[in-house]
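Okay, structure first, notes after.
2 protein chains.
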Amino acid sequence: MNFLDVILSRRSIRKYKKDKIPETHIKSILEAAMNAPSRKNERPWHFVIINNRKILDKIPLFHLNSRMLYEAPMAILVAGDLTVTRDIFIAIDCSASTENILLAAHSLGLGACWLGIYPDEDRMKGIKELLNLPESVLPISLISIGYPDEGKPQINRFEQNRIHYNGW
Amino acid sequence: MNFLDVILSRRSIRKYKKDKIPETHIKSILEAAMNAPSRKNERPWHFVIINNRKILDKIPLFHLNSRMLYEAPMAILVAGDLTVTRDIFIAIDCSASTENILLAAHSLGLGACWLGIYPDEDRMKGIKELLNLPESVLPISLISIGYPDEGKPQINRFEQNRIHYNGW
Numbered sequence: 000m001n002f003l004d005v006i007l008s009r010r011s012i013r014k015y016k017k018d019k020i021p022e023t024h025i026k027s028i029l030e031a032a033m034n035a036p037s038r039k040n041e042r043p044w045h046f047v048i049i050n051n052r053k054i055l056d057k058i059p060l061f062h063l064n065s066r067m068l069y070e071a072p073m074a075i076l077v078a079g080d081l082t083v084t085r086d087i088f089i090a091i092d093c094s095a096s097t098e099n100i101l102l103a104a105h106s107l108g109l110g111a112c113w114l115g116i117y118p119d120e121d122r123m124k125g126i127k128e129l130l131n132l133p134e135s136v137l138p139i140s141l142i143s144i145g146y147p148d149e150g151k152p153q154i155n156r157f158e159q160n161r162i163h164y165n166g167w
Numbered sequence: 000m001n002f003l004d005v006i007l008s009r010r011s012i013r014k015y016k017k018d019k020i021p022e023t024h025i026k027s028i029l030e031a032a033m034n035a036p037s038r039k040n041e042r043p044w045h046f047v048i049i050n051n052r053k054i055l056d057k058i059p060l061f062h063l064n065s066r067m068l069y070e071a072p073m074a075i076l077v078a079g080d081l082t083v084t085r086d087i088f089i090a091i092d093c094s095a096s097t098e099n100i101l102l103a104a105h106s107l108g109l110g111a112c113w114l115g116i117y118p119d120e121d122r123m124k125g126i127k128e129l130l131n132l133p134e135s136v137l138p139i140s141l142i143s144i145g146y147p148d149e150g151k152p153q154i155n156r157f158e159q160n161r162i163h164y165n166g167w
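Chains as they are written, first to last, in numbering that gives the first Met the number 0: chain A, 0 to 167; chain B, 0 to 167.
Encoded structure:
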């Protein structure tokens, strides 16, 4: 599959097999995450690997859209350090990093789904307490990851009417 | 080059040859941009292709970090529709889309650089006036694109100390 086909065939995958993710794949995914661009190359990001079943099962209690975590073998929290930069730049940089995680997972044959945390107060509070995050760490997104147990066809969401030339 | 190598070898490229970008490449880049994930699949994004020399040359007047645009054959503005969702979700979705643009450009042998617009008031005002954006359209990022006229070595920004397991 060429590079652009990986981008075009990525879909949100919410059903997973029970198989664990090999450590080498996790390392590759985190390499992709940390090689995203960031403002002034500040790289404010941190990553929490969550693969403890008891912890995963507590997340849907405060994040109602995250029920796929009951089946997912792991998730990655992307968070940012407020001592490095302010909230909006953390959100932007961590979103580019999150996209790299999704793409890297898909390229390795894994399925993943982006679960928003920031700026939802309940989700931020829930994840901060559950993972014991320092006050200066801002949780941005959570990505569930596993071997896919559903197939989804490729959809091309290209729309000509979203394109403008040299002005509106 | 395999998929992960494309992610790992992407660098910010700020020097460009004068060659124009083929239309087929621009289409591929925009396909990648529009196939990014977005919150609730809302896809709030719009894209303004800027390849008019007079317009490109006006951007560094209000965006001091954008002087590479004097040489770049084109740039793409990524903006979001405030009638679809609010500013922070536009910033997050457009950042994932911007990362796809950077990766797609690199995979096609092009060089690109992410220039932040949101939330800088001067840059937002400047770009809105220059491109005649409607009041409801929020400019997020600008990407300069061209055939690279500089080579940059691959740097692996992986750092083990950014990784945490099941808590902080």
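Backbone N, C-alpha and C define an ideal beta-carbon position, used for all residues, glycine too.
- Thinking C-beta only, is residue 103/A closer than 7 Å to residue 142/A? The count along the first sequence starts at 1 and reaches residue 142/A at position 143. The count along the first sequence starts at 1 and reaches residue 103/A at position 104. No; because the gap between Cβ atoms is not below 7 Å, this pair is not in contact.
- Query: If we ignore side chains and look at the alpha-carbon of each, how far apart do residue 122/B and residue 56/B end up?
  - Reply: By 1-based counting over the second sequence, the position of residue 122/B is 123. By 1-based counting over the second sequence, the position of residue 56/B is 57. Rounded to whole angstroms, residue 122/B to residue 56/B spans 14 Å at the Cα level.
- Task: Please state whether DSSP places residue 106/A in a helix, a strand or coil.
- Result: The count along the first sequence starts at 1 and reaches residue 106/A at position 107. Here residue 106/A sits in helix by DSSP.
- Task: Take the Cβ of residue 98/B as the centre, count every other Cβ of all protein chains shown within 10 Å, and call the residue buried at 16 or more, exposed below.
- Result: Locating residue 98/B in the second sequence gives position 99, counting from the first residue. When all chains shown are included, residue 98/B counts as buried.
- Work out the CA separation of residue 78/B and residue 124/B for me, nearest whole Å. The residue given as residue 124/B occupies position 125 in the second sequence. The residue given as residue 78/B occupies position 79 in the second sequence. C-alpha separation (whole angstroms): 13 Å.
- Message: As an exercise, report each continuous beta strand (DSSP E) stretch of at least 3 residues that is fully enclosed by the stretch 62-89 of chain A, in chain order.
- Response: 73-80
- Item | Alpha carbon of residue 89/B to alpha carbon of residue 30/B, nearest angstrom | Sequence index remark: in the second sequence, residue 89/B carries index 90 (1-based). Sequence index remark: in the second sequence, residue 30/B carries index 31 (1-based). Rounded to the nearest angstrom, the two C-alpha atoms are 18 Å apart.
- Message: Using a Cβ-Cβ cutoff of less than 6 Å, which residues in the same chain neighbour residue 0/A once the five nearest sequence positions on both sides are dropped?
- Response: Counting from 1 along the first sequence, the entry for residue 0/A is found at position 1. Excluding residues within five positions, none has a Cβ falling inside 6 Å.
- Using the rule of at least 16 other Cβ atoms within 10 Å of the residue's Cβ for burial, across every protein chain shown, is residue 108/B buried or exposed? For this step, residue 108/B is matched to residue 109 along the second sequence. It counts as exposed.
- Message: Please return the same chain residues whose Cβ sits closer than 7 Å to the Cβ of residue 137/A, not counting the five positions on each side in sequence.
- Response: As a working mapping, residue 137/A is identified with position 138 in the first sequence. Around residue 137/A: 78, 79, 81, 86, 89, 117.
- Query: In the stretch 74-95 of chain B, which residues sit with their C-beta less than 7 Å from some C-beta in chain A, listed in chain order?
  - Reply: 87, 90, 91, 94, 95
- Item | Supposed contact pair residue 66/B and residue 59/B - C-beta distance, whole angstroms, cut 8 Å | Locating residue 59/B in the second sequence gives position 60, where the first residue counts as 1. Locating residue 66/B in the second sequence gives position 67, where the first residue counts as 1. Indeed, because the Cβ distance is near 5 Å, the residues count as touching under 8 Å.
- So is residue 99/A in contact with chain B if we call contact Cβ pairs under 7 Å? In the first sequence, residue 99/A corresponds to position 100, counting from 1. Output row for residue 99/A: interface = yes.
- Message: On the CB-based measure, 16 or more other CB atoms within 10 Å of its CB, does residue 34/B come out buried or exposed?
- Response: If you number the second sequence from 1, residue 34/B lands on position 35. Residue 34/B should be labelled buried.
- Task: Please compile the residues from chain A whose C-beta is within a distance smaller than 9 Å of the C-beta of residue 66/B.
- Result: Position 67 of the second sequence, counted from the first residue, corresponds to residue 66/B. By Cβ distance, chain A contributes nothing, its closest Cβ being about 16 Å from residue 66/B, past 9 Å.
- On the DSSP bridge assignment, give the partners of residue 96/A in chain order. Within the first sequence, residue 96/A is the residue found at index 97, counting from 1. According to DSSP, residue 96/A bridges with nothing at all.
- Query: Using DSSP with H/G/I as helix, E/B as strand and the rest coil, what is residue 35/B?
  - Reply: Taking the first residue of the second sequence as 1, we reach residue 35/B at position 36. Three-state result, residue 35/B: coil.
- Message: Closer than 9 Å between beta carbons: that is the criterion. Which residues of the stretch 111-139 of chain A meet it against chain B?
- Response: 112, 113, 115, 117, 118, 129, 130, 131, 132, 133, 136, 139
- Task: Check whether the stretch 154-161 of chain A touches the stretch 12-26 of chain A, counting contact only when three or more Cβ pairs, one atom from each stretch, lie closer than 8 Å.
- Result: no
- Message: Run through chain B and tell me which residues come within less than 9 Å of residue 146/A, C-beta to C-beta.
- Response: Translated into the one-based positions of the first sequence, residue 146/A becomes position 147. Per Cβ cutoff of 9 Å: no residues; residue 146/A is ~18 Å from chain B at best.
- For the beta strand (DSSP E) that residue 145/B lies in, which residues bound it at each end? For the purposes of this step, residue 145/B is taken as the residue at position 146 of the second sequence. Residue 145/B -> beta strand (DSSP E) spans 136-145.
- Message: With distance defined between alpha-carbon atoms, name the residue in 131/B, 50/B, 163/B nearest to residue 131/A.
- Response: Taking the first sequence and counting its residues from 1, one reaches residue 131/A at position 132. Among 131/B, 50/B, 163/B, the Cα nearest to that of residue 131/A is on 163/B.
- Task: Report the neighbours of residue 69/B on chain A: residues whose CB is nearer than 7 Å to its CB, in chain order.
- Result: The sequence position of residue 69/B within the second sequence is 70, counting from 1. Near residue 69/B there are no residues of chain A at all, since even the closest Cβ is about 17 Å away, more than 7 Å.
- Which first and last residues belong to the alpha helix (DSSP H) in which residue 126/B is found? Reading the second sequence from its first residue, position 127 is the one you call residue 126/B. Its alpha helix (DSSP H) spans residues 120-130.
- Any Cβ of chain A within less than 7 Å of the Cβ of residue 20/B? Stepping through the second sequence from its first residue, residue 20/B is reached at position 21. It does not; no Cβ of chain A falls within 7 Å.
- Item | Range covered by the beta strand (DSSP E) that runs through residue 162/B | Here residue 162/B is taken as the residue at index 163 of the second sequence, counted from 1. Residue 162/B -> beta strand (DSSP E) spans 162-164.
- Members of the stretch 11-41 of chain A near chain B, C-beta cut-off 7 Å: 11, 27, 29, 30, 31, 33, 34, 35, 36, 38
- Item | Span of the beta strand (DSSP E), counted from its first residue to its last, around residue 46/A | As a first step, residue 46/A must be located in the first sequence, where it is residue number 47. Unbroken beta strand (DSSP E) run through residue 46/A: 44-49.
- Residue-chain proximity (residue 143/B, chain A), Cβ-Cβ < 7 Å: By one-based count along the second sequence, residue 143/B stands at place 144. By this cut-off, residue 143/B is not an interface position.
- Query: Does any residue of chain B bring its CB to less than 7 Å from the CB of residue 156/A?
  - Reply: Working through the first sequence from its first residue, we reach residue 156/A at position 157. Judged by the 7 Å Cβ criterion, residue 156/A is in contact with chain B.
- Message: Could you compute how far the alpha carbon of residue 43/B sits from the alpha carbon of residue 133/B?
- Response: For the purposes of this step, residue 43/B is taken as the residue at position 44 of the second sequence. For the purposes of this step, residue 133/B is taken as the residue at position 134 of the second sequence. Whole-angstrom Cα-Cα distance: 14 Å.
- Item | Interface flag, residue 61/B vs chain E, CB-CB below 7 Å | The chain labelled as chain E is not found among the protein chains of the depicted structure, namely A and B.
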